[in-house]
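A short write-up of the structure that comes next.
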Amino acid sequence: MKKWDEVVGEFPKEVQDDIDSIRINHGKLEAESVAKVLERLDAEIGSLMIKLLPAAAAYAIVPISGYQVGAVSQGMPIPGTGWSSLYLGANVEFKNEALSFCVHGEQSATSNAWLHGETGLQSLAISAAPCGYCRQFLYELGTEKQFNVLLATGTGDGYTSNPLDYYLPDAFGPHDLGVNGGLMDPKDCTHDLSLNKSSSDTLVLDALSAASKCYAPYTKNYAGCAIQLSDGNIYTGRYAENAAYNPSMSPLESAITVMNMNQPTGDTRTVSRAVLVEVPTDASQFDATTSVLSVFAPGIGLEYYTAKNDG
Ligand SMILES: [Zn+2]
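Residue numbers (the working numbering): -15 to 295.
Rendered as structure tokens:
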């Protein structure tokens, strides 16, 4: 698989700096840069997203399968210009852990956009047809009705574009369980939470803030995670639930995925602390978080705080 510099080198010279900026810009190509690149390449956004797939795949961490998957998501139009930002995502596997904890590229590109403040997605590009798990995960999006999957044809930057229900007919989703918004929709991702035991620790408050913006309409098990690396950088992750339950994404998986997309590819990451804040209900993230942390950062104990819902 190609390395980052090789991938950037395949773009025309006049846009290489913009593409390279993604690496220091948290796996994001800003809307203004997208517009500039499209103008310089005389291209449309779908073909640019396909062109970016190898760059996204360069972030994959695949110690089990060796199968790198890149995905690129398109955020919502910015009022005034209509431009939109692009977000890279890649699959992440955890060695010595159950396969059910693996994060798929589509989940990563969605989570990256969400953690950057997007409130929905317009489309997502992928190099191979999305697996059933990801079709169900994406069906949870509040913007699912206006959402297209761009699938690379393997010839240049060619692709097909189809609405999600092409890939998931007769779907079961949030509407079947009385949820009218969906994943990333602020009305389902805004909660008034407070810690049961107060703290002024920044990392704990970051995890609380992530829990306050998570998506858990079915169990109300609002949960967020914050991890700190030895270089001081902090990354937070939000729980993302699913109507079908199983494609849910745990808050630690979300944090690790976003950290992965926010660091230069191939960088070493040493976790120094990890905090989970949750509102325990009939569901809890504690065991799953402890398990994933034990393989991702052996020896780092999970700091656990419970919160209550004041909303
Ligand atoms: Zn998948």
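Where a beta carbon is used, it is the ideal one built from N, C-alpha and C, also for glycine.
Between the Cα of residue i and the Cα atoms of the options, which residue gives the shortest distance?
i      : options                           : result
Gly162 : Leu135, Tyr202, Ser145 and Ala191 : Tyr202
Val56  : Ser232, Ala155, Asn75 and Ala27   : Asn75
Val299 : Ser275, Asn230, Val276 and Tyr199 : What is shown of the chain runs -15 to 295, which leaves residue 299 out entirely.
Gly126 : Ile211, Gln212 and Ala224         : Ala224
Thr186 : Pro158, Cys115, Val261 and Leu167 : Val261
Asp169 : Val279, Thr94 and Leu22           : Thr94
Leu340 : Ile110, Thr174 and Asn9           : No statement about residue 340 is possible, as the shown extent of the chain runs from -15 to 295 and does not include it.
His88  : Gly104, Thr265, Tyr43 and Ala267  : Tyr43
Asp149 : Leu122, Asp172, Asp160 and Leu167 : Leu122
Ala195 : Pro231, Phe156 and Gln269         : Gln269
Leu152 : Pro114, Asp172, Ser178 and Cys86  : Pro114
Ala112 : Tyr143, Thr265, Trp98 and Cys86   : Tyr143
From the DSSP output, read off the bridge partner residues of residue i.
i      : result
Cys209 : Gly221 and Leu260
Lys146 : It should be noted that the sequence gives Asn, not Lys, for residue 146. Answer is Val133, bridged to Asn146.
Gln58  : Leu70 and Ser107
Ser178 : Lys292
Leu167 : Leu125
Tyr199 : Ala224
Val76  : Ile45 and Val87
Ile161 : According to the sequence provided, residue 161 is Leu. The question's Ile does not apply to it. Note: Leu161 sits in no beta bridge, so no partner.
Met233 : Ala224
Leu277 : Note: Leu277 sits in no beta bridge, so no partner.
Arg12  : What sits at residue 12 in the sequence shown is Lys, not Arg. The partner list for Lys12 (beta bridge, DSSP) reads Tyr71.
Leu36  : Bridge partners of Leu36: none, in fact.
Glu287 : Val259
May I have the straight-line CA-CA distance separating residue i from residue j, to the nearest angstrom?
i        : j       : result
Gln106   : Phe131  : 5 angstroms
Ser68    : Ile29   : 9 angstroms
Ala136   : Gln52   : 15 angstroms
Ile297   : Asp271  : Since the first and last residues shown for the chain are -15 and 295, residue 297 lies out of range.
Ser145   : Gln0    : 26 angstroms
Asp176   : Val242  : 24 angstroms
Gly216   : Val188  : 14 angstroms
Thr139   : Ser31   : 11 angstroms
Thr65    : Leu13   : 16 angstroms
Cys209   : Asp190  : 8 angstroms
Leu70    : Arg7    : 13 angstroms
Met(-15) : Glu(-6) : 14 angstroms
Met245   : Arg253  : 12 angstroms
Ser182   : Glu287  : 14 angstroms
Phe280   : Gly59   : 30 angstroms
Gln120   : Asn230  : 9 angstroms
Gly116   : Ser184  : 42 angstroms
Val46    : His100  : 24 angstroms
Ile315   : Glu(-2) : Missing from the structure shown is residue 315; the chain here goes from -15 to 295 and no further.
Gly157   : Gly165  : 11 angstroms
Ala207   : Met233  : 11 angstroms
Cys118   : Thr174  : 24 angstroms
Glu102   : Asn96   : 9 angstroms
Leu37    : Gly54   : 5 angstroms
Leu247   : Gly295  : Sequence check: residue 247 is Gln here, not Leu. If you take the alpha carbons of Gln247 and Gly295, they lie about 35 angstroms apart.
Asn9     : Asp2    : 10 angstroms
Ala82    : Ile48   : 11 angstroms
Leu167   : Arg257  : 28 angstroms
Within this structure, are the beta carbons of residue i and residue j separated by less than 8 angstroms?
i       : j        : result
Asp141  : Ile218   : no
Asn293  : Lys204   : yes
Ala227  : Glu128   : no
Leu108  : Glu90    : yes
Val276  : Leu236   : yes
Ala39   : Trp(-12) : yes
Tyr289  : Val255   : no
Gly(-4) : Leu25    : First, the amino acid is wrong: residue -4 is Pro here, not Gly. Cβ distance < 8 angstroms, so Pro(-4) and Leu25 count as in contact.
Ser342  : Gly221   : Outside the displayed span of the chain (-15 to 295) sits residue 342, for which this structure offers no information.
Leu179  : Ala267   : no
Would you say the beta carbon of residue i comes nearer than 7 angstroms to a heavy atom of ligand 2?
i     : result
His88 : Only ligand 1 can be found as ligands here, which leaves ligand 2 out of the picture.
Within the 8 angstroms Cβ cut-off, does residue i reach chain B?
i      : result
Asn180 : As a matter of chain content, chain B is missing from the structure shown, which is built from one protein chain.
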